[in-house]
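Visitor: Just so you know, the sequence shown maps onto residues 63 to 354 in my numbering. Quick reminder that beta carbons are idealized off the backbone N, C-alpha and C, glycines included. In this text, all values refer to a predicted model and were calculated from it rather than measured experimentally. What follows is a structure written as structure tokens; I'll ask about it next.
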Amino acid sequence: MLNKYGIVLEDVSLENYNTYGIKTKAKYLVKVKDINSLKELVSYLNKEKMPYFLLGKGSNVILPDNPFSGVIISLENLNHYSFDHNTLTVEAGAILGLVVKDAIKKGLKGIETLGSIPGTVGGALYGNASFYKDKTIYDHVKEVVVICNEEIKTILRKDIKTSYRYSSFKDCNDIIVKATFTLEKGNIEEMQEEEKKIREKRRETQPIEFKNAGSVFKNPIGYSAGKLIDEAGLKGYHVNDAYVSLKHANFIVNKGKATSKDIKELIAIIQNKIKEKDNITLELEQQIIEWD
Ligand SMILES: Cc1cc2nc3c(=O)[nH]c(=O)nc-3n(C[C@H](O)[C@H](O)[C@H](O)COP(=O)(O)OP(=O)(O)OC[C@H]3O[C@@H](n4cnc5c(N)ncnc54)[C@H](O)[C@@H]3O)c2cc1C
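Next up, the structure:
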């Protein structure tokens, strides 16, 4: 039945669908064919009261250890994008890094600082991704197309609320399916240089050699979460195979068989320690997912 909507995997391991490499499972994973199939699939699942969860590249989530009895929806095949003069139209499952690379090649400026964020365009719009705090994915968004209450709707940029790692998509169940960006003319060499600089900085400062899901905590106003954790002496602290990175204390890395439980226990230890020492509550940037 589900294969009407796309490619269906059954009893699937999600280890390769989340960047922590948590070895959890799902009853079904559907790689939808196109936007219409996605809309029909959502209506079908709602009618059948089957739970579902939308996964991008899984680079900002802590999936649960227990298997999911429902359907993981993957937008992997909703990855088309095109340029028309300075307008970029992109489907939500497209890999942000690939889109950025092509925009730069075309001499289009506006998203060049986002090229090394390892997720989908949809995931980046959901979480208002950025490398520099003052240059986010929303700077050049014109409109976002969503599935809302089983209908396809277009939302203008002005009607989307955003702040540090927040978009109003976090407060509703809309599925982002497509977005349009208005870019500017830019110098290709300068943009390539900037991209390279950011990639080098990441290699130097972030533990990208290990499985991780980016920054664990948001930076509290006026502080660096990594510095607070480092000063608390927690670098290298671990719960089984979940370690506070030695390279960057705001990263938790999976050095082998870390489970969701290990990662969440380590998070609680860090939060308690920083509360006790600095009286600061560290808020998660990553998203803890729960399912039955
Ligand atoms: C090494 C590393 C470095 C990173 N650096 C950065 C950085 O510099 N800046 C930054 O902002 N982030 C960074 N991240 C975090 C992460 O890559 C981003 O948050 C990314 O935008 C998440 O995209 P995703 O496709 O992986 O989303 P996922 O992790 O798959 O999903 C995250 C949330 O978005 C929802 N979602 C996904 N797609 C859609 C959609 N189409 N419609 C509605 N909801 C959707 C999911 O349901 C989930 O709730 C980093 C991660 C890693 C591993």
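Taking Cβ to Cβ, would you say K240 is nearer than 8 Å to G185?
Guide: Residue 240 sits at position 178 when you count from the first residue of the sequence shown. Residue 185 sits at position 123 when you count from the first residue of the sequence shown. The answer is no: Cβ separation not under 8 Å.
Visitor: Using the beta-carbon count (16 or more within 10 Å), is E266 buried or exposed?
Guide: For the purposes of this step, residue 266 is taken as residue 204 along the sequence shown, with counting starting at 1. Its Cβ having fewer than 16 others within 10 Å, E266 is exposed.
Visitor: Within 8 Å of any Cβ in chain C, is that where the Cβ of K195 sits?
Guide: As a matter of chain content, chain C is missing from the structure shown, which is built from one protein chain.
Visitor: Go through its chain and collect everything with a Cβ distance to K323's Cβ below 8 Å, but skip five positions before and after it.
Guide: In the sequence shown, residue 323 corresponds to position 261, counting from 1. Same-chain partners within the cutoff: D127.
Visitor: Only counting the same chain, and skipping five residues up and downstream in sequence, which positions put a Cβ closer than 6 Å to that of E138?
Guide: Sequence index remark: in the sequence shown, residue 138 carries index 76 (1-based). Taken in chain order, the residues that qualify are K93, G155.
Visitor: Nearer than 7 Å: is that true of the beta carbon of Q254 relative to any heavy atom of ligand 1?
Guide: Start at 1 with the first residue of the sequence shown, and residue 254 comes out as number 192. Q254 Cβ: outside cutoff for every heavy atom of ligand 1.
Visitor: Is Y188 near ligand 1 - that is, is its Cβ less than 7 Å away from at least one heavy atom of it?
Guide: Along the sequence shown, read from residue 1 onward, the residue named residue 188 stands at position 126. Result yes, Cβ under 7 Å from ligand 1.
Visitor: Can you list, in chain order, the stretches of the beta strand (DSSP E) that have 3 or more residues and sit fully within the stretch 308 to 353?
Guide: Entirely contained in the stretch 308 to 353, the beta strand (DSSP E) runs reaching 3 residues are, in chain order, 314 to 316.
Visitor: For I97, which option in I199, E262, C210 has the closest C-alpha, if you only look at C-alpha atoms?
Guide: In the sequence shown, counting from the first residue as 1, residue 97 sits at position 35. Residue C210 is the option with its Cα nearest to I97.
Visitor: What residue range does the beta strand (DSSP E) around D73 cover?
Guide: Taking the first residue of the sequence shown as position 1, residue 73 is located at position 11. Taken as a continuous stretch (DSSP letters only), the beta strand (DSSP E) holding D73 covers 68 to 75.
Visitor: First and last residue of the beta strand (DSSP E) that includes G132?
Guide: Position 70 of the sequence shown, counting from 1, holds the residue named residue 132. 130 to 136 is the extent of the beta strand (DSSP E) around G132.
Visitor: So for S230, helix, strand or coil by DSSP?
Guide: On the sequence shown, position 168 is the one that residue 230 refers to. Reduced to three states, the DSSP call for S230 is helix.
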